[in-house]
Amino acid sequence: MQYLYLDQDMRLEEATELLEGGIRLGEQAHLRAGSVLYCGLDLGAHFQTGHHVTLRGPLQAGAHVSIGTSCVLEGHIEIGNRVKIASQCVLGSHTRIGSRVFIGPGVMMTNDRLPLKQRDRYRPEGPHLEDGVTIGAGSVLLPGIMIGKGSFVAAGSVVVKDVPPDMLAKGNPARFEPLPDHLKEDNQALSWPDPDSA
762 MQYLYLDQDM
772 RLEEATELLE
782 GGIRLGEQAH
792 LRAGSVLYCG
802 LDLGAHFQTG
812 HHVTLRGPLQ
822 AGAHVSIGTS
832 CVLEGHIEIG
842 NRVKIASQCV
852 LGSHTRIGSR
862 VFIGPGVMMT
872 NDRLPLKQRD
882 RYRPEGPHLE
892 DGVTIGAGSV
902 LLPGIMIGKG
912 SFVAAGSVVV
922 KDVPPDMLAK
932 GNPARFEPLP
942 DHLKEDNQAL
952 SWPDPDSA
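To convert a position in the sequence shown, counted from 1, into my numbering, add 761.
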């Protein structure tokens, strides 16, 4: 079925390209100029992009999701509610992101353990970020890893294995330590509604 569904109060800036078929934009979505959206997108209320964002489907995003300028999301991606992805991030296909997640600028999420090798066994597998995770600027997440609920990855880290819940991961390769008290508070952006509301 080919469709483009625009909910109420949706803003589409000039030079934003919606490629044919299979796009749903929730109420009060805001797509900024230069962005390209492919078919197979289901984007929730208050979804917004910066300029020059590329979104490939299938991709499902909940409410209050913000994708920063010059990000590329490669498809087969699931994003929860209240997620902020800063500018110049690349999310490989088959990535899953929970709710109340912050991803800093320049983060790379990969999905291929052996690029251009053993193609007969290739199975893309992106990272999985559970709820309440924070990823610092310039970090690299290798394929198939899980970042546990409430964990914090420090800027510039290279995460090569699963991070347990409520841990601080830092360094290259990332090492883990208990999350300091000052990082245990829930992620809450000013643009998100009160946690007790919708």
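Idealized CB from N, CA, C, for every residue including glycine. In this text the structure is predicted, and so the values were computed from the model without any measurement.
Taking buried to mean at least 16 other C-beta atoms within 10 Å of its own C-beta, is residue i buried or exposed?
{"i": "Leu903", "result": "buried"}
{"i": "Pro888", "result": "buried"}
{"i": "Gln809", "result": "buried"}
{"i": "Glu946", "result": "exposed"}
{"i": "Asn872", "result": "buried"}
{"i": "Ser952", "result": "exposed"}
{"i": "Leu929", "result": "buried"}
How many Å lie between residue i and residue j at the Cα?
{"i": "Lys845", "j": "Leu875", "result": "29 Å"}
{"i": "Lys878", "j": "Asp942", "result": "43 Å"}
{"i": "Ser802", "j": "Glu839", "result": "According to the sequence shown, residue 802 is Leu rather than Ser. Cα to Cα, Leu802 sits roughly 10 Å from Glu839."}
{"i": "Ser854", "j": "Gln821", "result": "12 Å"}
Starting from residue i, trace the beta strand (DSSP E) both ways and give me its first and last residue.
{"i": "Phe937", "result": "936-939"}
{"i": "Gln821", "result": "820-822"}
{"i": "Phe863", "result": "862-864"}
{"i": "Ile784", "result": "784-786"}
Can you tell me whether DSSP reads residue i as helix, strand or coil?
{"i": "Leu852", "result": "strand"}
{"i": "Leu875", "result": "coil"}
{"i": "His943", "result": "helix"}
{"i": "Arg884", "result": "coil"}
{"i": "Ala898", "result": "coil"}
{"i": "Ala930", "result": "strand"}
{"i": "Arg793", "result": "coil"}
{"i": "His889", "result": "strand"}
{"i": "Ser952", "result": "coil"}
{"i": "Lys910", "result": "coil"}
Which whole-angstrom value describes the C-beta separation of residue i and residue j, a residue pair presumed to lie in contact below a C-beta threshold of 8 Å?
{"i": "Gly829", "j": "Ser860", "result": "Not really, about 18 Å apart at Cβ, beyond 8 Å."}
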